[in-house]
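K.L.:
Protein chains in written order, with my numbering: chain A, 665 to 1087; chain B, 665 to 1087.
Glycine residues also receive a C-beta, built at the ideal position from the N, C-alpha and C atoms.
There's a structure below that I have some questions on.
2 protein chains.
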Amino acid sequence: MNLLYAQAGGMTAVINASAAGVLAEARARGARIGTVLAAHRGILGILAESLHDCGGLDLDTLAATPGGIFGSCRFNMPPEAEQPALYDRLFAVLDAHRIDALLYNGGNGSLEVVAKVSAAARRRGYPLVCIGIPKTIDNDIEGCDCCPGYGSAAKYLATSMREVCRDLVSMTSRKGRIFVMEVMGRNVGWLAAATALAARDADEAPHIVLFPEMPFDEPALLARAETLLSRLGYCAITVAEGIRRADGSPVMARSHSDGHMRFGGAGGEIARLVSETFDCHRHYAAPDYLQRSAAHWVSAVDHAQALAVGRAATGYALEGRDGTVAAIRRLGDEPYRWDIVPVDAAAVANLERRLPPSFIAADGMQVSEAGRRYLAPLVAGERPTPCSGGLPVHYRGKPPRLAQRLPPYTGWAEEIVRTAQRD
Amino acid sequence: MNLLYAQAGGMTAVINASAAGVLAEARARGARIGTVLAAHRGILGILAESLHDCGGLDLDTLAATPGGIFGSCRFNMPPEAEQPALYDRLFAVLDAHRIDALLYNGGNGSLEVVAKVSAAARRRGYPLVCIGIPKTIDNDIEGCDCCPGYGSAAKYLATSMREVCRDLVSMTSRKGRIFVMEVMGRNVGWLAAATALAARDADEAPHIVLFPEMPFDEPALLARAETLLSRLGYCAITVAEGIRRADGSPVMARSHSDGHMRFGGAGGEIARLVSETFDCHRHYAAPDYLQRSAAHWVSAVDHAQALAVGRAATGYALEGRDGTVAAIRRLGDEPYRWDIVPVDAAAVANLERRLPPSFIAADGMQVSEAGRRYLAPLVAGERPTPCSGGLPVHYRGKPPRLAQRLPPYTGWAEEIVRTAQRD
Chain A
665 MNLLYAQAGG MTAVINASAA GVLAEARARG ARIGTVLAAH RGILGILAES LHDCGGLDLD
725 TLAATPGGIF GSCRFNMPPE AEQPALYDRL FAVLDAHRID ALLYNGGNGS LEVVAKVSAA
785 ARRRGYPLVC IGIPKTIDND IEGCDCCPGY GSAAKYLATS MREVCRDLVS MTSRKGRIFV
845 MEVMGRNVGW LAAATALAAR DADEAPHIVL FPEMPFDEPA LLARAETLLS RLGYCAITVA
905 EGIRRADGSP VMARSHSDGH MRFGGAGGEI ARLVSETFDC HRHYAAPDYL QRSAAHWVSA
965 VDHAQALAVG RAATGYALEG RDGTVAAIRR LGDEPYRWDI VPVDAAAVAN LERRLPPSFI
1025 AADGMQVSEA GRRYLAPLVA GERPTPCSGG LPVHYRGKPP RLAQRLPPYT GWAEEIVRTA
1085 QRD
Chain B
665 MNLLYAQAGG MTAVINASAA GVLAEARARG ARIGTVLAAH RGILGILAES LHDCGGLDLD
725 TLAATPGGIF GSCRFNMPPE AEQPALYDRL FAVLDAHRID ALLYNGGNGS LEVVAKVSAA
785 ARRRGYPLVC IGIPKTIDND IEGCDCCPGY GSAAKYLATS MREVCRDLVS MTSRKGRIFV
845 MEVMGRNVGW LAAATALAAR DADEAPHIVL FPEMPFDEPA LLARAETLLS RLGYCAITVA
905 EGIRRADGSP VMARSHSDGH MRFGGAGGEI ARLVSETFDC HRHYAAPDYL QRSAAHWVSA
965 VDHAQALAVG RAATGYALEG RDGTVAAIRR LGDEPYRWDI VPVDAAAVAN LERRLPPSFI
1025 AADGMQVSEA GRRYLAPLVA GERPTPCSGG LPVHYRGKPP RLAQRLPPYT GWAEEIVRTA
1085 QRD
C-alpha cells in the first residue's frame, strides 16, 4: 500500500508530530507499506504533482519542529460536478504514483476535502482510502473531544498569562494598570478559555475573559474592570480576536485624530476603552503566530495525541476505513484517559464547534468549573526541547522532491496550483 | 550586619534569582549577617516603612518566579538639597531597623538612587553600605557587559522568531506574507538585535531588523521587503518599539478612515506600510509583557548571572564597597567566560548604553558578525521549569510584613509613598 500524506490549513506546534506518527507507523508496518510520499503544500501539491519522498527523515527532529515541513495551503476543492477536470487531474497524479491512501492533516475545511475526494474516488471507481488527521489550535472540529495543536497553544497562552500576572502584581502605580492579551479565535473561544487555567484564585490573571460566543457587553466589562482596578490596582483581560457587539459588529480599534497612539484589533480596543475610561496605564500583548508555533513549550499530552492520530491514520488506511477521521475521544477527566476512534469525515466537515454554554461562567466573562475540568488535562506535561546554542533545533531542510511523471498542469486552477511549486 | 534588599524599575524573568542570590549568600555567611529585610515596592517601601522579613523563603521557588516578589516602583529620589525631609525619613526608617547595607536591584534610574542614597549617608555620617544590583531586559546599563534579565528576554524573542519562521515557510500564498514582531526598546535596540540569532542564513527570519539607533529609512525598507517577498514569498521583520524617522518623530500607526483594521505602535505601522504597498497578507505580533516575564524559557547563563550578581552584592556589602554596582565583565567569547566586578554607581547611573555601531550591519537593517559574537553566549542553556498540572509553579504568597516602629509618614511624597503600602 502506497501512502500520500499532506498538511493543510493554519499551522500548529505539533502538526509535524502527526506527520512523524504517520511515518513511524508506516515504518513499523514494514511489509504492508510500499512508499510513503508527502504532497508539497497540501492538495495543491497533488494537483501540481509536487511530491516529496519521506524516506530518510529523522522523526525525532521532525516531531519537535513547528510549522508544517511539507508546506500547507488553504485551498478547498470545488464540487466535482462544477470542476470535473480538476478531479481528473487529481486522480491522474494519484494514479501516476500508484497512491492507495491519502492522509490529509488539517482542520474543518480540510476534512471537507477528505469527504469530497473520498466520494469522488468512489464515483470514479478509483480504489483510494481517504483519511482525515485532525489539527487545529482552534479546537473547533466536531466529533473530536479535542484537536491536536490546541493543547499546546492553550498551554503557551495560559503559561504566558500566569507569568504576566507575577509582573502585574510587582508593579505599583497610583493610576492602576490594565493588561490585555488578544488570542486567536475568530468565531470560537477555546483559546481564550484556556488562559483561565492560569488563575488559581479570583486575584490572579486573567480576571476577565471575553469570548466570541458571548455578545460584548461594554457596561458590564467596565463595571467589572472598575471593581478589579480599585481592589487590586491592576486587571488582566483575555480577549478573543473575534469578539462582537450585540449587533454582530466586530470590536476593533476606532479611528482617533487626537494624536494618541492607536491600537489594533479587539484587544487593542478593549485596552484603549478601559484605560481611557479609568485613566489607567495600559499594556496590550498580541502573541499572534507565536501562540501556534511555540514548539519550545508544547503540552506533552497534546504532542502524544498529535503523534497518536498520525499513527492511527496509517492504521486506518491499512484497514480501509475510507472517509474517516482519526478522532480523539475522552474516556475520563481525572485521571485523564483518551483513545482514538474513527469518525465519519462527511458528518463533521466544515462544521464549527463553539464553546458550549456550560463552559462559560454565569456572568459571561469567565470559565466555569465544567470548562476548567475539560481544559486542565489538555495542557499537562512538558517535553524536553532539543537546543543548540540556547535556541531550538528544527528540521529546516527541504525533503527530496520526486520527479514528475505527468506533463505540467494547465487547467482551471493553474495560477493557484503554481504556488505549490514555489521553492 | 543587617541587610535591606529592594527591587525597582520594570520587571524581568530573573530578578527574583538575584533576590535568591542575595539571600543565599547571606545565609551562607551566617555569623556575619544579622537580619535580611526586603522593602515592599522599592524605595517607596522604605519611605513607607513597609518592610518584609525574608527569613523563611524557599529560594528555589523564588528563583523560578518572574516579576519581583517584593514589588517594584519607578520612584527616583529627588536631590537631597531639594527635599532633605525625604532623606530624613529614609534614614529614620533605616535606623529604626538598624540597617547597615542597602542592596538596590534595578536599572539605570535605580543606580542613581544608589548613588544618591550613598552620598546622603556619607554626608549625614550614617554608616550605610549602598550596593547596586543590575537588572534590565533593555541591556542598557553602562559599565556592565550585559545586564541580568536581558539574556532571557533575548532567548525568548529569538526562539519565538525562529519558531514563527517555520510557520511562515509552511504557509503558501500567491499574495505573499509579511510578519512583524514588535519588541521592547524605546531608545536601544539590544532586544531587537537579539532576534537576529534566530536566523542561520539569509532565508531565515528575521530578514530585517529595525533599531532605534538607526533613523527609519522607508524607501530602503520597502526595497528590501520587495526583494524578499519576491524571492521567498514571505518576509519577517523585527521592529523595536522606539524606531524614529530621520526628523526624530516616532514611527507609529496613522489614522485611517477607510474602515481598514488599524494597528498600534511601530510594529503595526510597519506591517501596514509593507502590506499596503505590496498588497500582501500581514501578521503583527506584540509580545509586550510576555517577553520580560517568560520564566518558563530563561537563558541558563542569564539566570546564573542574575543569581551571581545577587550573591556578589551581599559580599560587597560585607566588604563595605559602598556606592558600587555588581557588574558582569566578559573575559572571553568562545568559550564564554565572565566574572563580576565592582563598578562605581555614580559613574554609570542614568546613562543609557545604546547598541554600538559595530553591532549593526552596513545596511543598517541587520546585526553584524561582531554583534552576533556578543549576543550568542547570552542566550545559552536551558533550565527545567517547575510545573504543576502543566503550568509553571511560582512563588505567589506574600512575604511576612514587619511591624512598623515609626509613626506613619506624612511628608512631601505621602501620596506616592502610600501606593507602596497597598495590598
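Tell me the residue span of the alpha helix (DSSP H) that contains V1081 (chain A).
P.N.:
1078-1082
K.L.:
Measuring alpha carbon to alpha carbon, tell me which residue in A:A869, A:A910, A:P951 is nearest P879 (chain A).
P.N.:
When A:A869, A:A910, A:P951 are compared, the shortest CA-CA separation from P879 (chain A) is found for A:A910.
K.L.:
Under 7 Å, do A976 (chain B) and A990 (chain B) count as touching if we go by C-beta distance?
P.N.:
Yes, they are a contact pair.
K.L.:
Mind pulling the chain A residues with CB within less than 7 Å of A959 (chain B)?
P.N.:
Within chain A, the residues near A959 (chain B) are E827.
K.L.:
Comparing the C-beta of H945 (chain A) with each C-beta of chain B, is any distance below 7 Å?
P.N.:
no
K.L.:
Tell me which residues share the same chain as G923 (chain B) and place their Cβ nearer than 8 Å to its Cβ, disregarding the 5 neighbours each side in the sequence.
P.N.:
Note on G923 (chain B): pLDDT 41, under 50, position unreliable in the model; the coordinate value appears next. Hits under 8 Å: none found.
K.L.:
For chain A, check one thing: does any of its Cβ atoms lie closer than 7 Å to the Cβ of A1044 (chain B)?
P.N.:
yes
K.L.:
Answer yes or no: does any C-beta atom of chain B fall closer than 7 Å to that of N859 (chain A)?
P.N.:
Residue identity check: residue 859 (chain A) is Thr in the sequence provided, not Asn. Closer than 7 Å: no.
K.L.:
What residues from chain A crowd round H716 (chain B), counting only those whose CB sits closer than 7 Å?
P.N.:
Within 7 Å Cβ-Cβ: nothing; H716 (chain B) doesn't reach chain A, min ~13 Å.
K.L.:
Hey, how far is the Cα of P791 (chain A) from the Cα of I1024 (chain A)?
P.N.:
46 Å
K.L.:
Would you call A900 (chain A) buried or exposed, if buried means 16 or more other Cβ atoms sit within 10 Å of its Cβ?
P.N.:
buried
K.L.:
Determine the direct distance from the alpha carbon of S736 (chain B) to that of F843 (chain A), and round the result to whole angstroms.
P.N.:
Going from the Cα of F843 (chain A) to the Cα of S736 (chain B) covers about 17 Å.
K.L.:
Are P870 (chain A) and T902 (chain A) closer than 7 Å when you measure CB to CB?
P.N.:
Yes, the pair counts as a contact, with Cβ atoms nearer than the cut-off.
K.L.:
Could you round the C-beta distance between A779 (chain A) and A958 (chain A) to whole angstroms and report it? I think they count as a contact, below 8 Å.
P.N.:
About 31 Å separates the beta carbon of A779 (chain A) from that of A958 (chain A), a gap too long to meet the 8 Å contact definition.
K.L.:
Along the chain, which unbroken stretches of the alpha helix (DSSP H) at least 4 residues long are found entirely within the region 962-1004 of chain B?
P.N.:
Within the region 962-1004 of chain B, the complete alpha helix (DSSP H) runs of at least 4 residues are 964-983.
K.L.:
Does the region 833-840 of chain B touch the region 850-863 of chain B, meaning 3 or more C-beta pairs lie closer than 8 Å?
P.N.:
no
K.L.:
So, does the CB of D952 (chain A) fall closer than 7 Å to a CB anywhere in chain B?
P.N.:
yes
K.L.:
Would you tell me roughly how many angstroms separate the C-alpha atoms of P883 (chain B) and R908 (chain B), rounded to the nearest one?
P.N.:
14 Å
K.L.:
Excluding five sequence neighbours on each side, which residues of the same chain lie with their C-beta closer than 7 Å to the C-beta of G979 (chain B)?
P.N.:
E689
K.L.:
Could you tell me how far apart the beta carbons of I801 (chain B) and T676 (chain B) are, in whole angstroms, since I believe they sit closer than 8 Å?
P.N.:
With a Cβ gap of about 5 Å, I801 (chain B) and T676 (chain B) count as contacting.
K.L.:
Compare the C-beta of M1029 (chain A) with all C-beta atoms of chain B and state if any pair is closer than 7 Å.
P.N.:
No, its Cβ sits nowhere closer than 7 Å to a Cβ of chain B.
K.L.:
Distance, Cα to Cα, Y820 (chain A) vs A1010 (chain A)?
P.N.:
32 Å
K.L.:
Contact criterion: CB-CB distance below 7 Å. Does L723 (chain A) meet it with respect to chain B?
P.N.:
no
K.L.:
Measuring alpha carbon to alpha carbon, tell me which residue in A:P999, A:P914, A:S939 is nearest L892 (chain A).
P.N.:
A:S939
K.L.:
Just to confirm my understanding: we take F927 (chain A), look at its own chain, exclude 5 residues before and 5 after, and list those with CB closer than 7 Å. What are they?
P.N.:
Here the model assigns F927 (chain A) a pLDDT of 46, short of 50, so the residue's position is not dependable, and the following value carries that caveat. A917, E933, A935, R936, Y948, listed in sequence order.
K.L.:
Does chain B have any CB closer than 7 Å to the CB of L982 (chain A)?
P.N.:
no
K.L.:
Would Y1000 (chain B) be called buried (16 or more neighbouring beta carbons within 10 Å of its own) or exposed?
P.N.:
Label assigned to Y1000 (chain B): exposed.
K.L.:
What is the rounded straight-line gap between the Cα of A1034 (chain A) and the Cα of A968 (chain A)?
P.N.:
24 Å
K.L.:
Here's the rule: buried if 16 or more other CB atoms are within 10 angstroms of the residue's CB, otherwise exposed. What is T988 (chain B)?
P.N.:
By the neighbour-count rule (16 or more Cβ atoms within 10 Å), T988 (chain B) is buried.
K.L.:
Along the region 730-759 of chain A, what residues have a CB closer than 7 Å to any CB found in chain B?
P.N.:
P730, G731, G732, G735, S736, C737
K.L.:
At a CB-CB cut-off below 9 Å, which residues of chain B make contact with A672 (chain A)?
P.N.:
The contacting residues do not exist; A672 (chain A) stays about 10 Å from chain B at best.
K.L.:
Determine which residues share a DSSP beta bridge with N769 (chain B) and list them.
P.N.:
According to DSSP, N769 (chain B) bridges with B:Q671, B:I797.
K.L.:
Of all the options A:D1008, A:A822, A:D867, which has the alpha carbon lying nearest to the alpha carbon of H960 (chain B)?
P.N.:
A:A822
K.L.:
Does the beta carbon of G923 (chain A) sit closer than 7 Å to a beta carbon anywhere in chain B?
P.N.:
In this prediction, G923 (chain A) scores a pLDDT of 41, lower than 50, which makes its location untrustworthy; the coordinate-derived value is nonetheless stated afterwards. Cβ-Cβ to chain B under 7 Å: no for G923 (chain A).
K.L.:
Tell me whether the beta-carbon of L754 (chain A) lies closer than 7 Å to the beta-carbon of I710 (chain A).
P.N.:
The answer is yes: Cβ separation under 7 Å.
K.L.:
For a contact defined as C-beta to C-beta under 7 Å, what are the partners of M675 (chain B) on chain A?
P.N.:
D831, S834, M835
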